[in-house]
Amino acid sequence: MTDWFGENLLAAIKTKQSPICVGIDPIVDLIPDEVRKRSSSRLGGGGQSQADLDSIFDFVTAVMGIVAPHVPCVKFQSAYFERFLWDGVEAYFNLIQEARELGLMVIGDVKRGDIGSTSQAYVDAHLAGFVHPLAGEDEWAFPDAVTVNPMLGLDTISPFVDAAKRLGKGVFVLVRTSNPGSAELQDALLADGRTWSEMLADHLAPIADQEGLVGPSGYSSIGAVVGATQPHTMASLRKRLPKSIFLLPGYGTQGATADMTRAAFVNGQGAIVSASRSILYAYKDAKYQSIASDWRKCVERAVLDMKNDLAGMLQAG
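Counting in numbering that gives the first Met the number 0, the sequence shown runs from 0 upward without gaps.
Structure representation (structure tokens):
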């Protein structure tokens, strides 16, 4: 691997011929019954909470094994693990290690952001790999990149940017999110006619272009989260952030299509499209139920369908 996250991600996308990130958002009630029953059969002193966490671990491990031949990376939503307290956090990092062993790159969807020393503490916890002396020589696997929230000001992302330079890691800054309520703030017009998101992109561009962040491809390790559900602003943001790889959440369940992501790509690269529930829980989709009764086959079919969908869009130009 190189010293640039952006170069590593683009290389992984090229290897898999698939600009797809599978979002790991494990919801216990949606996990297939057979996985939950098998995990519950091992129920010990940890009670139902431990059984639920075991179900998540078994399910996520199986999903990653299915998608690994077809996609370059996965994105772990940390909240689904943090809700189980310290056991959940341990599972989060153990699953990152499982992903690494499968050859998958990992984005930690942590959306952190705060002032000064607090941001540095978040860097240590989620990206740089601070190890407490009591942990001994045990090594923990950390994500290759994380998502950050710039709402408090771009000085708050400086510790993450410094870590990206120092460690070859990546940072995806929330610029225009996929949730319906985002328009109220992020599309708000400023006095100069730009939207808030466009203003943010303009300020982020020189940060992404800093020395030590841009690899030979011309892309930076400082990327941008731009909702795939927001095609009305994607072309403008792409022009303002020519060196940032776009992470595009919202494909599938949230309603985004491959065609809606077109403006994020330049000559077939520069973006990665994220889908979560439409892949993880494809067995609940009638379309896949008619193809296979095995939830694993449904996951694989959903990934391949998404891969073909994006390939068709990119080939069409």
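Here a beta-carbon is modelled for each residue, glycine too, at the ideal position from N, C-alpha and C.
Do you know offhand how far residue i's Cα is from residue j's?
| i | j | result |
| --- | --- | --- |
| Leu184 | Met198 | 12 angstroms |
| Pro179 | His231 | 13 angstroms |
| Arg111 | Arg175 | 16 angstroms |
| Ala144 | Ala223 | 12 angstroms |
| Ala315 | Ser216 | 23 angstroms |
| Asp161 | Asp32 | 44 angstroms |
| Gln209 | Asp191 | 26 angstroms |
| Asp51 | Gln288 | 25 angstroms |
| Gly46 | Val122 | 33 angstroms |
| Leu188 | Arg35 | 48 angstroms |
| Tyr282 | Asp293 | 8 angstroms |
| Val59 | Gly211 | 34 angstroms |
| Asp28 | Arg193 | 42 angstroms |
| Phe159 | Ser118 | 8 angstroms |
| Phe56 | Ile206 | 37 angstroms |
| Gln268 | Val213 | 15 angstroms |
| Tyr280 | Ile290 | 14 angstroms |
| Lys13 | Gln229 | 25 angstroms |
| Gly135 | Asp86 | Legend: pLDDT at Gly135 = 47, less than 50; position of this residue unreliable, no value from coordinates given. |
| Pro18 | Pro68 | 13 angstroms |
| Glu79 | Val88 | Checking the displayed sequence, the identity of residue 79 turns out to be Tyr instead of Glu. Cα to Cα, the separation comes out at about 9 angstroms. |
Could you check if residue i is buried or exposed, using at least 16 other CB atoms within 10 Å of its CB as the buried criterion?
| i | result |
| --- | --- |
| His131 | Residue confidence for His131 is low, a pLDDT of 48 falling below 50, so the modelled location carries little weight; the figure read from the coordinates is stated next. Exposed: under 16 other Cβ atoms inside 10 Å. |
| Gly169 | buried |
| Asn307 | exposed |
| Ala90 | buried |
| Gly167 | buried |
| Trp318 | Residue numbering for the chain in the displayed model covers 0 to 316; residue 318 lies beyond these limits and cannot be assessed. |
| Leu84 | exposed |
| Lys15 | buried |
| Ser116 | exposed |
| Ala285 | exposed |
Comparing C-alpha positions only, which one of the options sits nearest to residue i?
| i | options | result |
| --- | --- | --- |
| Trp139 | Leu9, Pro31, Phe92 | Phe92 |
| Ile278 | Asp53, Val298, Asp284, Thr194 | Val298 |
| Gln76 | Arg300, Val66, Ile65, Ile26 | Ile26 |
| Ser258 | Met312, Gln119, Asp201, Ile290 | With the sequence shown as reference, residue 258 is identified as Asp, and Ser is not the correct amino acid for it. When only C-alpha atoms are compared, the closest one is Met312. |
| Asp304 | Gly115, Gln47, Thr256 | Thr256 |
| Val265 | Leu212, Met233, Asp186, Asp154 | Met233 |
| Pro142 | Ala163, Arg300, Leu173 | Ala163 |
| Glu6 | Arg165, Ala61, Tyr218 | Tyr218 |
| Met8 | Glu81, Arg37, Pro71, Trp195 | Here the sequence assigns Leu to residue 8, which means Met is not the residue at that position. With distances taken between Cα atoms, Leu8 lies closest to Pro71. |
| Arg82 | Gly107, Ser48, Ser54 | Ser48 |
| Ala61 | Ser220, Ser181, Leu101 | Leu101 |
Note down, in chain order, each residue of its chain lying with its Cβ closer than 8 angstroms to the Cβ of residue i, except the 5 sequence neighbours on either side.
| i | result |
| --- | --- |
| Ala204 | Arg239, Leu240, Pro241, Lys242, Ser243 |
| His202 | Leu153 |
| Asp113 | Tyr121, Leu151, Thr155 |
In its own chain, which residues sit with a C-beta less than 7 angstroms from the C-beta of residue i, not counting the 5 before and 5 after it?
| i | result |
| --- | --- |
| Val73 | Cys20, Val21, Ile23, Met63, Ala98, Leu103, Val105 |
| Val109 | Ser77, His125, Val145, Thr146 |
| Ala227 | Ser177, Leu247, Pro248, Gly249, Tyr250, Ala255, Met259, Thr260, Val272 |
| Pro149 | Gly112, Thr155, Ile156, Val172, Leu173, Leu199 |
Can you name, in chain order, every residue of its own chain whose Cβ lies under 6 angstroms from the Cβ of residue i, other than the five neighbours on each side?
| i | result |
| --- | --- |
| Phe245 | Ala223, Val225, Ala263, Ala270 |
| Gln96 | Ala140 |
| Val66 | Val21, Val302 |
Query raised in the report: If you pair each beta-carbon of the segment 248-260 with each one of the segment 276-296, do three or more pairs fall below 8 angstroms?
Result: The segment 248-260 vs the segment 276-296: in contact.
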